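According to the numbering used here, the residues represented by the sequence shown are 5 to 114, in order.
Notes for the one structure printed next.
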Amino acid sequence: MPIIFVTTLLLLLTPLARGQSSSHFNLMPTPSSVQLRTGKLPIKRSFSVAISGHRDGILERGVQRFIGEISHETGMRLNQTTAEKDGAILLVRADHGSESVGKVGEDESY
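Shown next, in the form of structure tokens:
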């Protein structure tokens with residue numbers, strides 16, 4: 005009886021012992037780098053997104069989908085156009101774009 009109890013206890017506690025790594029994010033594809041900072045990201049009617057660096061249609065549509073999802077989740081009507089860099093709440097920086105058609109072995113990090 006004690007062996008069954010100890011085995012059950014170990015099986016239940018094993019996932020908790022591993023915990024979550026602080027460098028693990030549930031993002032796909034995995035970004036080449038992530039910088040965590042203190043503070044908050046306020047989502048108000050004035051929420052805006054700017055794009056810095058490389059800019060193309062794929063990135064523009066991705067930002068519009070992101071704003072659309074936030075608008076849907078919050079129930080607020082948000083401006084779906086990108087803002088100027090200085091006045092934006094969120095800044096998306098892209099160093100380069102990708103091919104319009106992916107290639108085998110292409111680096112999909114962002």
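All residues carry an ideal CB built from backbone N, CA and C; glycine is no exception.
Only a predicted model underlies this, so the values are computations on that prediction, with no experimental measurement involved.
Taking only three categories from DSSP, how would you classify residue i?
i	result
I7	helix
G72	helix
R97	strand
G109	coil
N77	The question names Asn, but residue 77 is Glu in the sequence shown. Here E77 sits in helix by DSSP.
R49	coil
E64	helix
L16	helix
So residue i is in the beta strand (DSSP E); what residue range does that whole segment cover?
i	result
V53	53 to 57
How long is the line joining the alpha carbons of residue i and residue j, rounded to whole angstroms?
i	j	result
K44	I7	49 angstroms
P35	D111	10 angstroms
Q84	V96	14 angstroms
T12	L94	47 angstroms
D99	T78	30 angstroms
R91	S37	Residue identity differs from the one stated: residue 91 is Gly in this sequence, not Arg. When rounded, the distance between both Cα atoms is 24 angstroms.
M32	M80	26 angstroms
Taking all protein chains shown into account, decide if residue i is buried (16 or more other Cβ within 10 angstroms of its Cβ) or exposed.
i	result
F51	buried
I55	buried
Does any CB atom of chain B fall closer than 9 angstroms to the CB of residue i?
i	result
D90	Given the protein chain composition of this structure (a single chain), no chain B is represented.
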